[in-house]
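Student:
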């Protein structure tokens, strides 16, 4: 079921494909996850869309058209990108200018991956005007928010997240309080869905975490959460709930793996060492997720792992 932003039921969009092409299940499943979903042939020409319209264009009129022309990309550059994807590159992400039917330009996020057999798949997410300013190639001042926040989710980037986390340590040491870092990974999902999934997770977590907690998107498929005053036992309980609850709240079929590490008061641990340990825990959790076919979590501790 698809619910509109006004709360009313809307029928799911119907894929539009070339006459000799069988609509894929991916097109139907992915259409609600972004502003547009499409597939191309091996040459980068559109063969199908998740819905009838694409930024004012009638999708049917774009069938057979080179995707590069819609995104104002040189044909040679786009061909190089497709060749890299065919050679094994997992995904290609970029913020691009898309030509709308009304003549205006929309700033969009394009996630492109190779198809399972041949051709390519893409998801297009429209970036609002405020975020569009972040896509300019002009050098930005060091203090500009463009360097601090992830444009798609509005969360701290890796550098700013570690900086914000480090600022908590002195106060926590004085108060004798621990803090816990969680890395929520969804790398095992389709790379083209990383951005929609990250956006969904960010929205869910914003509603349930405390105002003092920190959220960051430190990699395309990893959301970081720092919790003041939380020890490893409470963190493990929360991780177990996240593994069970979050997959129901994000688009597609996604399993969540979580790596945790706790910083104890007066320890010498810095953000980089905590991230390294949490990454190790996340890797173990991902291994368990693959084995169990369900979301798993893992806690790193100095003497043993939970």
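Numbering (the working numbering), first residue to last: 28 to 333. C-beta atoms are modelled at their ideal positions from N, C-alpha and C, and glycine is treated no differently.
Give me the DSSP bridge partner(s) of residue 68.
Tutor: In the chain shown, counting from the first residue as 1, residue 68 sits at position 41. In DSSP, residue 68 forms no bridge with anything.
Student: Starting from residue 80, follow its DSSP beta bridges and name the residues at the other end.
Tutor: Along the chain shown, read from residue 1 onward, the residue named residue 80 stands at position 53. Its beta-bridge partners are 85.
Student: Specify the secondary structure class of residue 51 as computed by DSSP and reduced to three states.
Tutor: As a first step, residue 51 is located in the chain shown; it is residue number 24 there, counting from the start. Correct three-state label for residue 51: coil.
Student: Can you check DSSP and say which residues form a bridge with residue 23?
Tutor: Limits of the chain in this structure are 28 at one end and 333 at the other, which puts residue 23 out of reach.
Student: Whose C-beta lies closer than 7 Å to the C-beta of residue 57 among residues of the same chain, with five residues either side of it excluded?
Tutor: Position 30 of the chain shown, counted from the start, is the residue given in the question as residue 57. Only 64, 77, 150 meet the Cβ criterion.
Student: Give me, in chain order, the residues of the same chain whose beta-carbon lies closer than 6 Å to that of residue 45; leave out the 5 immediate sequence neighbours on both sides.
Tutor: What you label residue 45 is simply residue 18 of the chain shown in a count that begins at 1. 74, 90, listed in sequence order.
Student: To which residues of the same chain is residue 83 closer than 8 Å at the C-beta, ignoring the five residues directly before and after it?
Tutor: Walking along the chain shown from the start, residue 83 turns up at place 56. Closer than 8 Å at the Cβ level, and outside the excluded window around residue 83, lie 127, 128, 129.
Student: Suppose you measure from the CA of residue 252 to the CA of residue 199; what does that come to, to the nearest Å?
Tutor: If you number the chain shown from 1, residue 252 lands on position 225. If you number the chain shown from 1, residue 199 lands on position 172. Near 16 Å, if we compare the C-alpha coordinates of residue 199 and residue 252.
Student: Does the Cβ-Cβ distance between residue 136 and residue 142 come in under 8 Å?
Tutor: If you number the chain shown from 1, residue 136 lands on position 109. If you number the chain shown from 1, residue 142 lands on position 115. Contact flag unset, no.
Student: Could you have a look at residue 224 and say whether DSSP puts it in helix, strand or coil?
Tutor: On the chain shown, position 197 is the one that residue 224 refers to. Residue 224: helix per DSSP, three-state reduction.
Student: Which one or two residues does DSSP pair with residue 325 in a beta bridge?
Tutor: On the chain shown, position 298 is the one that residue 325 refers to. Looking at the DSSP assignment, residue 325 forms a beta bridge with 286.
Student: Residue 219 to residue 180, Cα distance in whole Å?
Tutor: Looking up residue 219 in the chain shown gives position 192. Looking up residue 180 in the chain shown gives position 153. So the alpha carbons of these two residues sit roughly 15 Å apart.
Student: Can you name, in chain order, every residue of its own chain whose Cβ lies under 7 Å from the Cβ of residue 226, other than the five neighbours on each side?
Tutor: Position 199 of the chain shown holds residue 226. Only 179, 180 meet the Cβ criterion.
Student: Buried or exposed for residue 321, going by 16 or more other Cβ atoms inside 10 Å?
Tutor: Within the chain shown, numbered from 1, the residue matching residue 321 stands at position 294. Under this definition residue 321 is an exposed residue.
Student: Would you report the Cα separation of residue 212 and residue 248, rounded to the nearest angstrom?
Tutor: Against the chain shown, residue 212 aligns to sequence position 185. Against the chain shown, residue 248 aligns to sequence position 221. The alpha-carbon atoms of residue 212 and residue 248 are separated by roughly 6 Å.
Student: Report the option in 138, 318, 113 whose CA atom is closest to the CA atom of residue 62.
Tutor: The residue given as residue 62 occupies position 35 in the chain shown. Minimum Cα distance to residue 62 is reached at 138.
Student: Does the segment 260-275 come within contact of the segment 285-293, defined as at least 3 CB pairs closer than 8 Å?
Tutor: At 8 Å Cβ cutoff, the stretches touch.
Student: Among 307, 278, 125, which has the Cα closest to the Cα of residue 154?
Tutor: Translated into the one-based positions of the chain shown, residue 154 becomes position 127. For the residues 307, 278, 125, the minimum Cα distance to residue 154 belongs to 125.
Student: Hey, would you say residue 312 sits closer than 8 Å to residue 284, going by beta carbons?
Tutor: Taking the first residue of the chain shown as 1, we reach residue 312 at position 285. Taking the first residue of the chain shown as 1, we reach residue 284 at position 257. Contact flag set, yes.
Student: Where DSSP assigns a beta bridge to residue 244, which residues make up the other side?
Tutor: Here residue 244 corresponds to residue number 217 of the chain shown, with the count starting at 1. Residue 244 is bridged to 250.
Student: According to DSSP, simplified to helix, strand and coil, what is residue 103?
Tutor: Within the chain shown, the letter at position 76 stands for residue 103. Residue 103 falls in the helix class under three-state DSSP.
Student: Can you name, in chain order, every residue of its own chain whose Cβ lies under 6 Å from the Cβ of residue 79, other than the five neighbours on each side?
Tutor: In the chain shown, counting from the first residue as 1, residue 79 sits at position 52. Excluding positions up to five away in sequence, the list reads 43, 86.
Student: By a C-beta neighbour count over all protein chains shown, 10 Å radius and 16 as the cutoff for buried, is residue 217 buried or exposed?
Tutor: Within the chain shown, residue 217 is the residue found at index 190, counting from 1. The residue in question, residue 217, is buried, as its Cβ has 16 or more Cβ neighbours within 10 Å.
Student: Got a sec? Which residues, its chain only, sit under 6 Å from residue 158 by beta carbon, not counting five neighbours each side?
Tutor: Along the chain shown, one-based indexing puts residue 158 at 131. Residue placement at residue 158 is poorly supported in this model, since its pLDDT is 33, which falls under 50; the coordinates are not used for a value here.
Student: Within 10 angstroms of the Cβ of residue 115, are there 16 or more other Cβ atoms? Answer buried if so, exposed if not.
Tutor: By one-based count along the chain shown, residue 115 stands at place 88. The residue in question, residue 115, is exposed, as its Cβ has fewer than 16 Cβ neighbours within 10 Å.
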